[in-house]
Amino acid sequence: MDLFNNREIATGIWLLIILVFVIRDSNVRNSFRQLFSCFFVVRIQIPLLLMLCYSLLCVYLLNEIDLWDNNQIKNVVFWFFGGAAISFFNITNATDDKKFFTNTLKGHLKLIVIIQFVLNVYTFNFFAELALVAIASMFAGVIAFSKNKAEYEPAHNVCEKALNFVGVIIIMNTVYQLVTNWGAFSQTKTMFDFLVPTLLSIMLLPFLYCLATYVTYGSELVMLKFHIKDNSLRRYAFLRALIRINFRYLKLKRWMEIVSYSNINNKTDVNNSIDMLFRLLAREENPPEVNSNLGWCPYQAKDFLTCENLITSNYKKSACDDNDWYCETRLKDIEEGFLANNIAYYVEGNEIAVTRLKLRLNINQPCKHEIAHDYFANVANKLIEKALNYSLSLEAMEAIKNGDTVEEPVDNKKIKISKDDWGNSLYGLKFVIEHQSN
Numbered sequence: 247m248d249l250f251n252n253r254e255i256a257t258g259i260w261l262l263i264i265l266v267f268v269i270r271d272s273n274v275r276n277s278f279r280q281l282f283s284c285f286f287v288v289r290i291q292i293p294l295l296l297m298l299c300y301s302l303l304c305v306y307l308l309n310e311i312d313l314w315d316n317n318q319i320k321n322v323v324f325w326f327f328g329g330a331a332i333s334f335f336n337i338t339n340a341t342d343d344k345k346f347f348t349n350t351l352k353g354h355l356k357l358i359v360i361i362q363f364v365l366n367v368y369t370f371n372f373f374a375e376l377a378l379v380a381i382a383s384m385f386a387g388v389i390a391f392s393k394n395k396a397e398y399e400p401a402h403n404v405c406e407k408a409l410n411f412v413g414v415i416i417i418m419n420t421v422y423q424l425v426t427n428w429g430a431f432s433q434t435k436t437m438f439d440f441l442v443p444t445l446l447s448i449m450l451l452p453f454l455y456c457l458a459t460y461v462t463y464g465s466e467l468v469m470l471k472f473h474i475k476d477n478s479l480r481r482y483a484f485l486r487a488l489i490r491i492n493f494r495y496l497k498l499k500r501w502m503e504i505v506s507y508s509n510i511n512n513k514t515d516v517n518n519s520i521d522m523l524f525r526l527l528a529r530e531e532n533p534p535e536v537n538s539n540l541g542w543c544p545y546q547a548k549d550f551l552t553c554e555n556l557i558t559s560n561y562k563k564s565a566c567d568d569n570d571w572y573c574e575t576r577l578k579d580i581e582e583g584f585l586a587n588n589i590a591y592y593v594e595g596n597e598i599a600v601t602r603l604k605l606r607l608n609i610n611q612p613c614k615h616e617i618a619h620d621y622f623a624n625v626a627n628k629l630i631e632k633a634l635n636y637s638l639s640l641e642a643m644e645a646i647k648n649g650d651t652v653e654e655p656v657d658n659k660k661i662k663i664s665k666d667d668w669g670n671s672l673y674g675l676k677f678v679i680e681h682q683s684n
């Protein structure tokens, strides 16, 4: 059996042609040199070499249990420089994404299925593949270039449909070949083509976890120098964190967040900061009930709008005032494009209870303000339903759509809608639900 199929050979030829063409430009050559120089940094080389050794160990183990043959060398090379390398360079995202490893495994499996079963099981003749790869690459390039550019939207839509059509042709050919030539598919090699990369992806997860822990400890230790100036106290803080938090890197990052707004002057302060970490984690796991006369439970209020993909940061103490606690979401774009209209959600209060819920709409593209206002009104209505079990009044709904200022009392809460003019038709709109102290 040939080592490479027609599609892989065609792809390799086009990549070689493109490479020869682009390196003729001196600026491109310099860019490539700078790119390659990044790979020769010790902090990248050593972990990458360790991942290679770990992967080879995994291959050895698969061979020991008879789940390996030499036909898999190509697949393992593709797996290592494909899914494994992508996961390696995305490892810094692990501290921001609690589902990083689950999503990584899902991504690997999707890639394996697409490559092994959709793209590479059955191919056309060489010249057809040469044309197919060129056409698909051209469409993909135009789509990438024209994305989020209004002036190229027609070309973007046409190329997207054309690329989908090419994909349908490939899938139809695969289905046809499966029906008419099942024998070529149902063989041991085909099973190994799927099984070996899948098992390697699963076996890679412990290494990625260790790498994420190492990267987190390295970056947070640098930050620790800014927050704790005394060398001996900093060493003590690191050792206490290593003992009590150990290799739970997400908790380590959370602890560093606490350190950033705490005044650490002695060992007691260090221990108190770690105690606070576990106290907050316990509250998040089992949110305490909060009397409605005080406000809302922070760990429920922060999740009021997760249904709208408005996911807040951790509820934490303000660096300016020990009595002020807050969390907030990142700005969420309402539509695509540069400087799009966006929305954010803010939760404010004290350690025990939230006293203020705020939605903010930023109008950066006045020509699309109607869509943004409608979306803002819909999210505001969901917030008030979650917070007060109450629907937005018609007056408040109209105020949001028109950008008017309105105040409404609801039990021991106050709803306020206000507008901030920035000039040049740009403005912000705020929707606030505020707890009124008795």
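Residue numbering for the sequence shown follows my numbering, beginning at 247 and increasing consecutively.
Quick reminder that beta carbons are idealized off the backbone N, C-alpha and C, glycines included.
The segment 441-457 and the segment 287-307 touch, with three or more beta-carbon pairs separated by less than 8 Å. One thing to note: Val379 has its Cβ within 9 Å of the Cβ of Trp260. According to the DSSP secondary-structure assignment, Arg529 is paired through a beta bridge with no residue. Following the DSSP letters along the chain, one finds Lys632 inside the alpha helix (DSSP H) bounded by residues His615 to Leu634. Contact between Pro534 and Val593 is absent: CB atoms are separated by about 16 Å, not below the 8 Å threshold. Taking Ala401 as the centre and dropping the five residues before and after it, the same chain places the C-beta of Val388 and Ser392 closer than 7 Å to its C-beta, in chain order. Cys566 carries a coil assignment under DSSP once its states are collapsed to helix, strand and coil. Residue state for Val388 is assigned as helix, using DSSP reduced to three classes.
Going by beta carbons, Lys659 and Gln682 fall inside the 9 Å limit. For the pair Asp342 and Asn371, the Cα-to-Cα distance works out to about 45 Å. With 16 or more other CB atoms across the displayed protein chains lying within 10 angstroms of its CB, Lys548 is buried.
Under the three-pair Cβ rule at 8 Å, the segment 521-531 does not count as touching the segment 576-594. Excluding sequence positions up to five before and after Ser508, its CB lies within less than 6 Å of the CB of Ser519, all in the same chain and listed in chain order. The C-beta distance from Phe622 to Leu605 rounds to 7 Å, short enough to meet the 8 Å contact threshold. Annotation: Phe346 to Ala340 spans about 5 Å, alpha carbon to alpha carbon. Per DSSP, reduced to three states, the secondary structure at Ala599 is coil, with no helix or strand assignment. A Cβ-Cβ contact shorter than 9 Å links Val678 with Arg602. Counting along the chain, Ser506 sits inside no beta strand (DSSP E); it lies in the alpha helix (DSSP H) bounded by residues Tyr495 to Tyr507. By the 16-neighbour rule on beta-carbons within 10 angstroms, Trp668 is exposed. Under the criterion of beta carbons closer than 8 Å, Thr350 and Leu454 qualify as touching, at roughly 7 Å. Listed in chain order, the non-local C-beta contacts of Gly464 below 8 Å within the same chain number zero, local neighbours out to five positions each way being set aside. Residue pairing by DSSP puts Asp667 in a beta bridge opposite Tyr673. Between the alpha carbons of Ala331 and Asn517 lies a distance of about 39 Å.
With a cut-off of 8 Å on Cβ pairs, the segment 551-559 is in contact with the segment 613-629, counting three or more such pairs. When C-beta atoms of the segment 491-510 are compared with those of the segment 559-570, three or more pairs fall below 8 Å, so the two segments count as touching. Taking every protein chain shown into account, the CB of Ile661 has 16 or more other CB atoms within 10 angstroms, so this residue is buried.
A distance of 9 Å or more separates the beta carbons of Asn537 and Ala633. For Asn610, the closest of Leu298, Glu581 and Ile263 by C-alpha to C-alpha distance is Glu581.
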